[in-house]
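Residue numbers for the sequence shown follow full-length UniProt numbering, beginning at 1 and rising by one.
For every residue, glycine included, the Cβ atom is placed at its ideal position computed from N, Cα and C.
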Amino acid sequence: MTRAFNFSAGPATLPESVLRQAQAEMVEWNGVGASIVEISHRSADFMAVAAAAEADLRSLLSIPDDYAVLFTAGGATTIQALLPLNFAAPGQAADYVITGHWGKTAIKQAATSVDARIAADAQADGFVDIPPAGSWTLSPHSAYVHITANETIHGVEFRDTPDVGTLPLFADFSSSIASEPLDISRYGLIYAGAQKNLGPVGISVVIVRRDLLERAGQPRADIFNYASHAARDSMLNTPPTWNWYLLGLTVKWMLEQGGVQEFARRNAEKAALVYGAIDGSGGFYRNLIKPAVRSRMNIPFFLPDEQLDALFVSESKAAGLLALKGHKAVGGIRASLYNAMPVAGAQALAAFMHDFQQRHG
Numbered sequence: 001m002t003r004a005f006n007f008s009a010g011p012a013t014l015p016e017s018v019l020r021q022a023q024a025e026m027v028e029w030n031g032v033g034a035s036i037v038e039i040s041h042r043s044a045d046f047m048a049v050a051a052a053a054e055a056d057l058r059s060l061l062s063i064p065d066d067y068a069v070l071f072t073a074g075g076a077t078t079i080q081a082l083l084p085l086n087f088a089a090p091g092q093a094a095d096y097v098i099t100g101h102w103g104k105t106a107i108k109q110a111a112t113s114v115d116a117r118i119a120a121d122a123q124a125d126g127f128v129d130i131p132p133a134g135s136w137t138l139s140p141h142s143a144y145v146h147i148t149a150n151e152t153i154h155g156v157e158f159r160d161t162p163d164v165g166t167l168p169l170f171a172d173f174s175s176s177i178a179s180e181p182l183d184i185s186r187y188g189l190i191y192a193g194a195q196k197n198l199g200p201v202g203i204s205v206v207i208v209r210r211d212l213l214e215r216a217g218q219p220r221a222d223i224f225n226y227a228s229h230a231a232r233d234s235m236l237n238t239p240p241t242w243n244w245y246l247l248g249l250t251v252k253w254m255l256e257q258g259g260v261q262e263f264a265r266r267n268a269e270k271a272a273l274v275y276g277a278i279d280g281s282g283g284f285y286r287n288l289i290k291p292a293v294r295s296r297m298n299i300p301f302f303l304p305d306e307q308l309d310a311l312f313v314s315e316s317k318a319a320g321l322l323a324l325k326g327h328k329a330v331g332g333i334r335a336s337l338y339n340a341m342p343v344a345g346a347q348a349l350a351a352f353m354h355d356f357q358q359r360h361g
């Protein structure tokens with residue numbers, strides 16, 4: 001069977017070698033006589049899997065020693081709801097920069113338990129640019145400043161780490177983690193749902209400076225307390241072991257491929273191929289985002305009308321290019337080019353775009 005190129009925004013394509021290894025080890029893993037999904041999370045065998053995943057992730061991302069790494073069940077939206085509970089004192093404000101759909105989601109979740117203030121909002125301009133950090137209205141006593149590093153729906157990406165002074169910078173890196181080198185020491189906390197660059201849906205990663213875990217936060221159950229999770233090595237309750245195992249395989253694959261420097265090179269090449277097809281189309285394909293903040297991971301674009309959008313989706317699927325329909329919030333087309341998407345996939349999409357324009361332009 002030939003695998004198609006899957007441009008899904010998430011759950012997203014995984015490395016085929018990872019899938020093949022997981023397939024081979026599904027029924028009987030590592031000589032233990034049982035599947036990885038059947039063994040105890042507190043067994044020495046699984047503890048070794050968990051420890052290797054953390055060690056490899058630390059190596060891949062160059063995570064400083066004074067940062068804790070948490071593996072948590074659920075996705076980024078769950079984390080967004082828990083951030084103020086863990087890091088904002090009762091009555092304390094938190095600042096949010098809104099650069100797209102997921103920034104709006106983050107502040108909506110936070111507003112249930114904190115005075116969530118909008119420091120900057122790009123919605124008035126249609127989420128086509130990122131307001132410069134110097135224009136943000138920050139609260140001097142804010143618990144933290146939150147950004148969305150890459151907006152998967154609108155296709156806007158921070159290309160530099162913003163300067164927020166002495167305030168802790170928190171960032172949702174769900175769709176761009178491990179896509180290029182990152183100086184984590186400039187952040188108080190970063191987090192990511194795994195289902196784009198790190199593995200399957202159902203598990204997330206929180207990387208947090210250890211001193212922030214000492215904050216009292218707000219009254220919350222132990223299961224919602226990140227300090228408790230850190231103290232128990234993310235084993236406070238039964239974790240999603242299969243997802244954690246697959247995350248570990250994916251991270252190891254990224255290291256074997258050359259690490260974040262190599263993926264930065266590949267991702268730049270893939271993005272250049274697709275943006276080149278858009279910009280060279282004479283307006284047949286349109287991307288609305290300011291070039292300086294165009295996402296490398298998620299590229300939305302539009303054809304002259306919705307009928308052509310629909311035809312593009314159906315013909316591309318027949319050509320082995322899957323999940324190119326844009327998000328319902330904006331329409332059009334969207335190509336997601338995460339780490340596991342090979343350069344050949346971007347080449348195939350660019351060639352299809354050229355052919356489609358020749359036939360329908």
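**Message:** For Pro132, tell me which candidate among Glu157, Thr152, Leu337 has the shortest Cα-Cα distance.
**Reply:** Taking the first residue of the sequence shown as 1, we reach residue 132 at position 132. For Pro132, the nearest C-alpha among the options comes from Glu157.
**Item:** First and last residue of the uninterrupted beta strand (DSSP E) at Arg334
**Value:** Within the sequence shown, residue 334 is the residue found at index 334, counting from 1. 333-336 is the extent of the beta strand (DSSP E) around Arg334.
**Request:** Could you check if Arg186 is buried or exposed, using at least 16 other CB atoms within 10 Å of its CB as the buried criterion?
**Result:** As a first step, residue 186 must be located in the sequence shown, where it is residue number 186. With a 10 Å radius around the Cβ and a threshold of 16 neighbouring Cβ atoms, Arg186 comes out exposed.
**Prompt:** Alpha carbon to alpha carbon, what distance is there between Thr137 and Met341?
**Reply:** Numbered from its first residue, the sequence shown carries residue 341 at position 341. Numbered from its first residue, the sequence shown carries residue 137 at position 137. Cα-Cα distance, rounded: 38 Å.
**Request:** Could you please give the first and the last residue of the uninterrupted beta strand (DSSP E) stretch that includes Gly193?
**Result:** Mapped onto the sequence shown, residue 193 falls at position 193. Run containing Gly193: 189-193, per the beta strand (DSSP E) assignment.
**Prompt:** Rounded C-beta distance between Asn287 and Arg296? I'm assuming under 8 Å.
**Reply:** For the purposes of this step, residue 287 is taken as residue 287 along the sequence shown, with counting starting at 1. For the purposes of this step, residue 296 is taken as residue 296 along the sequence shown, with counting starting at 1. Not confirmed; about 13 Å, so no contact.
**Message:** Using only the alpha-carbon positions, how far apart do Thr152 and Asn298 sit?
**Reply:** To locate residue 152, count along the sequence shown from 1; it is residue 152. To locate residue 298, count along the sequence shown from 1; it is residue 298. Computed Cα separation, rounded: 5 Å.
**Message:** Quick check on the burial criterion: 16 or more other C-beta atoms within 10 angstroms. Buried or exposed for Asp172?
**Reply:** Position 172 of the sequence shown, counted from the first residue, corresponds to residue 172. Classification for Asp172: buried.
**Message:** Quick check: the Cα distance between Tyr338 and Gln123, rounded to an integer number of angstroms?
**Reply:** Residue 338 sits at position 338 when you count from the first residue of the sequence shown. Residue 123 sits at position 123 when you count from the first residue of the sequence shown. Separation of Tyr338 and Gln123 (C-alpha to C-alpha, rounded to the nearest whole angstrom) is 25 Å.
**Prompt:** Between Arg3 and the rest of its own chain, which residues show a CB-CB distance below 8 Å, the 5 nearest in sequence each way excluded?
**Reply:** The sequence position of residue 3 within the sequence shown is 3, counting from 1. Glu16, listed in sequence order.
**Asked** Helix, strand or coil: which one does DSSP assign to Val156?
**Response** As a first step, residue 156 must be located in the sequence shown, where it is residue number 156. Three-state result, Val156: strand.
**Asked** Terminal residues of the continuous beta strand (DSSP E) containing Pro84?
**Response** Locating residue 84 in the sequence shown gives position 84, counting from the first residue. Pro84: not part of any beta strand (DSSP E); member of the alpha helix (DSSP H) spanning 76-87, first to last residue.
**Message:** According to DSSP, Ser204 sits in a beta bridge with which residue or residues?
**Reply:** Along the sequence shown, one-based indexing puts residue 204 at 204. DSSP links Ser204 through a beta bridge to Thr72, Gly193.
**Message:** Using only CA atoms, which one of Asn6, Ser8, Leu60 lies nearest to Lys252?
**Reply:** Here residue 252 corresponds to residue number 252 of the sequence shown, with the count starting at 1. The shortest C-alpha to C-alpha distance from Lys252 to any of Asn6, Ser8, Leu60 is the one to Leu60.
**Message:** The alpha helix (DSSP H) that contains Val313, what's its start and end?
**Reply:** Here residue 313 is taken as the residue at index 313 of the sequence shown, counted from 1. Start and end: 306-318.
**Request:** Taking only the alpha-carbon atoms, compute the straight-line gap between Val51 and Pro140 and give it to the nearest angstrom.
**Result:** The residue given as residue 51 occupies position 51 in the sequence shown. The residue given as residue 140 occupies position 140 in the sequence shown. Before going further, note that residue 51 is Ala rather than Val in the sequence given. Straight across, the Cα-Cα distance linking Ala51 with Pro140 is about 38 Å.
**Euclidean distance between Cα positions of Ala194 and Glu180** = For the purposes of this step, residue 194 is taken as residue 194 along the sequence shown, with counting starting at 1. For the purposes of this step, residue 180 is taken as residue 180 along the sequence shown, with counting starting at 1. Those two C-alpha atoms are separated by around 16 Å.
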